[in-house]
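Chemist:
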């Protein structure tokens, strides 16, 4: 095969030097039962033609396998200069866009592209994402580079794939990251988000977020079932565990406390019922009494006191929900994410980490 190639798109005639012909289908899935390739009496416009002199490849591009018409994979008689003296390879080659995008990403990751080549690849991936988002061009974190929007799209794809494996739905809320929806449990949302490590975004990590006890009902179940020692020991395994005290009206969270209090003290207050939580009916002295007791325990500061006055005491709201939740976070370094992706263990490792985080109260996103 000649090393020089002439590439053409949207052409109706094949090269005069045609000797051997291979038909190639590019689509989003591997097509089973590929037809035997033969000369066909039809009018043709080829999406692509690669002419190597002694070998010629005709390319049919269908972003969706649903749009494939197998007759289009055959060369048209009218486009062949000499139909008698050519060899038609009967086997059709089928490539998926996933394979192609992966290999393009490998070229970049292995530093086999020049600077202009990397720019062209980035522009091409942006075009694919805009015009054919179903092909998920940013299917590896390596392809996403340091672009936050691309990283978020990749996180969405990872969460979607995990959801299929663990038989859960994917939730998506405005201004929030895609999450696993775990209905009826102590935790209803587990999300995966890109996290910027440096201000210039040259380094990033993946952050798994879990919010146990995010409603009063969930909090009651959480403090009833959780193993305190097992929960706090997760910090030795890389988990960051922080208070997430917040105040809500009906199902709307309105105020979050950012008071400095140790997680041990915070947990002890709610686990041992040193302070009540849940729904409180608002009467003339409810907020002053609540402010006094929470302040004494170090659970709120001046900012939260002012907000409680503004959002509850000075309104017509008839109740307040005190919700003593937690926020648990685990960071996966950029290099770990790339390594796991390369060896095919990214999603399984994330599931293991999620299981670890939910273990102290006996729950898992992966049903066994």
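Numbering (my numbering), first residue to last: 2 to 369.
Backbone N, C-alpha and C define an ideal beta-carbon position, used for all residues, glycine too.
If you draw a straight line from the C-alpha of residue 87 to the C-alpha of residue 19, how long is it?
Modeler: The count along the chain shown starts at 1 and reaches residue 87 at position 86. The count along the chain shown starts at 1 and reaches residue 19 at position 18. If you take the alpha carbons of residue 87 and residue 19, they lie about 7 Å apart.
Chemist: With a floor of 3 residues, list each beta strand (DSSP E) that falls wholly inside the stretch 65-145, ordered by position along the chain.
Modeler: For the stretch 65-145, whole beta strand (DSSP E) runs of length 3 or above, ordered along the chain, are 94-97.
Chemist: Spatial neighbours of residue 154 within its chain, please: C-beta separation below 8 Å, excluding the five flanking residues on both sides.
Modeler: Along the chain shown, read from residue 1 onward, the residue named residue 154 stands at position 153. Same-chain partners within the cutoff: 130, 137, 139, 145.
Chemist: Taking only the alpha-carbon atoms, compute the straight-line gap between residue 254 and residue 70 and give it to the nearest angstrom.
Modeler: Along the chain shown, read from residue 1 onward, the residue named residue 254 stands at position 253. Along the chain shown, read from residue 1 onward, the residue named residue 70 stands at position 69. Rounded to the nearest angstrom, the two C-alpha atoms are 53 Å apart.
Chemist: Count the CB pairs spanning the stretch 257-273 and the stretch 345-352 that are closer than 8 Å, and state whether there are at least three.
Modeler: Verdict: no, contact absent.
Chemist: Just list the residues that DSSP pairs residue 196 with in beta bridges.
Modeler: The residue labelled residue 196 in the question sits at position 195 within the chain shown. In the DSSP output, where bridge partners are listed per residue, residue 196 has 206.
Chemist: Please specify which runs of the alpha helix (DSSP H), each continuous and at least 4 residues long, are wholly inside the stretch 251-284, giving them in chain order.
Modeler: Runs found: 264-272.
Chemist: Can you give, in chain order, each stretch of the alpha helix (DSSP H) that sits fully within the stretch 307-360 and has at least 4 residues?
Modeler: Here the runs fully enclosed are 335-343, 347-359.
Chemist: Out of 132, 261, 310, 320, point me to the one whose CA is closest to residue 297's CA.
Modeler: Counting from one through the chain shown, the residue named residue 297 turns up at place 296. If we check each option's Cα against that of residue 297, 261 comes out closest.
Chemist: Where residue 369 and residue 49 are concerned, what is the direct C-alpha to C-alpha distance, given to the nearest angstrom?
Modeler: Against the chain shown, residue 369 aligns to sequence position 368. Against the chain shown, residue 49 aligns to sequence position 48. Because the pLDDT of residue 369 is 48, which lies under 50, any placement of that residue in the model is unreliable, and the number read from its coordinates should be weighed accordingly. Roughly 49 Å separates the two Cα atoms.
Chemist: Can you tell me whether DSSP reads residue 305 as helix, strand or coil?
Modeler: Here residue 305 corresponds to residue number 304 of the chain shown, with the count starting at 1. In this structure, residue 305 counts as helix in the three-state DSSP scheme.
Chemist: Residue 126 and residue 102: beta carbons closer than 9 Å?
Modeler: Locating residue 126 in the chain shown gives position 125, counting from the first residue. Locating residue 102 in the chain shown gives position 101, counting from the first residue. Contact flag set, yes.
Chemist: Give me the Cα-Cα distance between residue 375 and residue 215, rounded to the nearest whole angstrom.
Modeler: Limits of the chain in this structure are 2 at one end and 369 at the other, which puts residue 375 out of reach.
Chemist: What ranges does the alpha helix (DSSP H) occupy inside the stretch 204-249, keeping only unbroken runs of at least 4 residues that lie completely in it?
Modeler: Listed in chain order, they are 217-226, 229-234.
Chemist: Can you tell me whether residue 219 is buried or exposed, with buried defined as 16 or more other CB within 10 angstroms of its CB?
Modeler: Sequence index remark: in the chain shown, residue 219 carries index 218 (1-based). Residue 219 is buried by the Cβ-count criterion.
Chemist: May I have the straight-line CA-CA distance separating residue 178 from residue 194, to the nearest angstrom?
Modeler: Residue mapping note: residue 178 aligns to position 177 of the chain shown, counting from 1. Residue mapping note: residue 194 aligns to position 193 of the chain shown, counting from 1. Roughly 6 Å separates the two Cα atoms.
Chemist: From the DSSP output, which residues share a beta bridge with residue 59?
Modeler: Start at 1 with the first residue of the chain shown, and residue 59 comes out as number 58. BP columns for residue 59 point to 24, 50.
Chemist: Does DSSP put residue 166 in a helix, a strand or coil?
Modeler: As a first step, residue 166 must be located in the chain shown, where it is residue number 165. Here residue 166 sits in helix by DSSP.
Chemist: How would you label residue 198, buried or exposed, when you count the other beta carbons within 10 angstroms and need 16 or more for buried?
Modeler: Translated into positions along the chain shown, residue 198 becomes position 197. Exposed.
Chemist: How would you write the range of the beta strand (DSSP E) that residue 181 sits in, first residue to last?
Modeler: Counting from 1 along the chain shown, the entry for residue 181 is found at position 180. Residues 180-182.
Chemist: So is residue 170 buried or exposed if we call it buried at 16+ other beta carbons inside 10 Å?
Modeler: Taking the first residue of the chain shown as position 1, residue 170 is located at position 169. It is exposed - the Cβ of residue 170 has fewer than 16 other Cβ atoms within 10 Å.
Chemist: Which stretch, first to last residue, makes up the alpha helix (DSSP H) that contains residue 293?
Modeler: Residue numbering aside, residue 293 sits at position 292 when the chain shown is read from its first letter. 287-297 is the span of the alpha helix (DSSP H), which, as asked, contains residue 293.
Chemist: Return the first residue and the last residue of the beta strand (DSSP E) that residue 8 is part of.
Modeler: As a first step, residue 8 is located in the chain shown; it is residue number 7 there, counting from the start. Element bounds for residue 8: 7-12.
Chemist: My output table needs one value for residue 171: the three-state DSSP class, helix, strand or coil.
Modeler: Counting from 1 along the chain shown, the entry for residue 171 is found at position 170. Strand, per DSSP.
Chemist: Report the three-state DSSP secondary structure of residue 191 (helix, strand or coil).
Modeler: Numbered from its first residue, the chain shown carries residue 191 at position 190. Of the three classes helix, strand and coil, the one that applies to residue 191 here is strand, per DSSP.
Chemist: Just how far apart, CA to CA, sit residue 124 and residue 205?
Modeler: Your numbering for residue 124 matches position 123 in the chain shown. Your numbering for residue 205 matches position 204 in the chain shown. Taking the straight line from one Cα to the other gives about 22 Å.
Chemist: Nearest to residue 240 by CA position, among 246, 231, 248, is which residue?
Modeler: If you number the chain shown from 1, residue 240 lands on position 239. Checking every option, the nearest Cα to that of residue 240 belongs to 231.
Chemist: Which word fits residue 315, buried or exposed, when buried means at least 16 other C-beta atoms lie within 10 angstroms of its C-beta?
Modeler: Position 314 of the chain shown, counted from the start, is the residue given in the question as residue 315. Label assigned to residue 315: exposed.
Chemist: Do residue 164 and residue 152 count as a contact pair if the criterion is CB distance below 9 Å?
Modeler: Along the chain shown, one-based indexing puts residue 152 at 151. Along the chain shown, one-based indexing puts residue 164 at 163. No; because the gap between Cβ atoms is not below 9 Å, this pair is not in contact.
Chemist: If you measure between the beta carbons of residue 85 and residue 59, is that distance less than 9 Å?
Modeler: Taking the first residue of the chain shown as position 1, residue 85 is located at position 84. Taking the first residue of the chain shown as position 1, residue 59 is located at position 58. Contact: no.
Chemist: Between the stretch 75-84 and the stretch 27-40, can you find at least three pairs of beta-carbon atoms closer than 8 Å?
Modeler: Counting Cβ pairs under 8 Å, three or more are found: they touch.
Chemist: Could you tell me whether the Cβ atoms of residue 327 and residue 242 are closer together than 9 Å?
Modeler: Counting from 1 along the chain shown, the entry for residue 327 is found at position 326. Counting from 1 along the chain shown, the entry for residue 242 is found at position 241. Their beta carbons are under 9 Å apart, which means residue 327 touches residue 242 by this criterion.
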